[in-house]
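For the sequence shown, position 21 matches number 386 in the working numbering, and the numbering has no gaps at all.
All C-beta atoms in this analysis are idealised placements derived from N, C-alpha and C, irrespective of residue type, glycine included.
Predicted model, so just to flag it, every value in this text is computed and none were measured.
Here the structure is laid out as structure tokens; the discussion comes afterwards.
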Amino acid sequence: MIRDQFQDSYKLLNKHIKDIDEKTATLQPDSVNNNIKWQLGHLILLNDFLVFETINGENALEQSAAKYFLWGTSPLNFDGNEPSFDELKLLLNEQLDRILNSLEKQLNKSRNEPIVLKDSDIVMNNFNESIHFSIIHTNRHMGQIVLLKSMINKLNLK
């Protein structure tokens, strides 16, 4: 079931971002804290952490992308060295393949430290819990991407 949820969520997300270019992805409507590119980068970074915790043996949150897409960052942190939107699209698809290829193994592993979301009183002690939460996380940010895309199109900001 969780495999199907990942596949369906990523399929829907890909449908919504396939026609978005770098210019559109970096537009930030007034009174909005971030843009489509930040939303996608954040989703990828945090799902790496929620599903794998480490990437190539290093903490996912200590990877170079973290300075652009971690909680508390915004497009103001972009300096031209962050991944392009096309690169993020590729990373998204590579991530889905990695998730699907190691899902069963990851579900049975323990986390080095629990993840505590203090503002929502959620504690994830193992990968089974954080992997299930990553589906919620994916769909939350997909909703933000769809909303931003709609705002940009309706306001004719392109």
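Would you kindly check if the distance between the Cβ of residue j and the Cβ of residue i is under 9 Å?
| i | j | result |
| --- | --- | --- |
| Leu453 | Gln372 | no |
| His506 | Leu405 | yes |
| Phe434 | Ile464 | no |
| Leu415 | Ile480 | yes |
| Asn554 | Leu468 | Residue numbering for the chain in the displayed model covers 366 to 523; residue 554 lies beyond these limits and cannot be assessed. |
| Val391 | Asn400 | Checking the displayed sequence, the identity of residue 391 turns out to be Thr instead of Val. In this structure, Asn400 lies closer than 9 Å to Thr391 by Cβ. |
| Lys514 | His381 | yes |
With H, G and I counted as helix, E and B as strand and the rest as coil, what does DSSP make of residue i?
| i | result |
| --- | --- |
| Pro440 | helix |
| Leu457 | helix |
| Ile385 | coil |
| Asn449 | Inspection of the sequence shows that residue 449 is occupied by Ser rather than by Asn. Ser449 falls in the coil class under three-state DSSP. |
| Ser475 | strand |
| Ser396 | coil |
| Met366 | coil |
| Asn521 | coil |
Taking all protein chains shown into account, decide if residue i is buried (16 or more other Cβ within 10 angstroms of its Cβ) or exposed.
| i | result |
| --- | --- |
| Asp386 | exposed |
| Pro440 | buried |
| Ile487 | exposed |
| Leu522 | exposed |
| Leu520 | exposed |
| Lys483 | exposed |
| Trp436 | exposed |
| Asn412 | buried |
| Lys402 | buried |
| Ser495 | buried |
| Ser485 | exposed |
| Glu447 | buried |
Since residue i sits in a beta bridge, which residues does DSSP pair it with?
| i | result |
| --- | --- |
| Ile362 | Outside the displayed span of the chain (366 to 523) sits residue 362, for which this structure offers no information. |
_Threshold first: 4 residues or longer. Then list the alpha helix (DSSP H) segments lying entirely within the segment 406-440, N to C._
Given a length threshold of 4 residues, each whole run of the alpha helix (DSSP H) inside the segment 406-440 is given here in chain order: 431-434.
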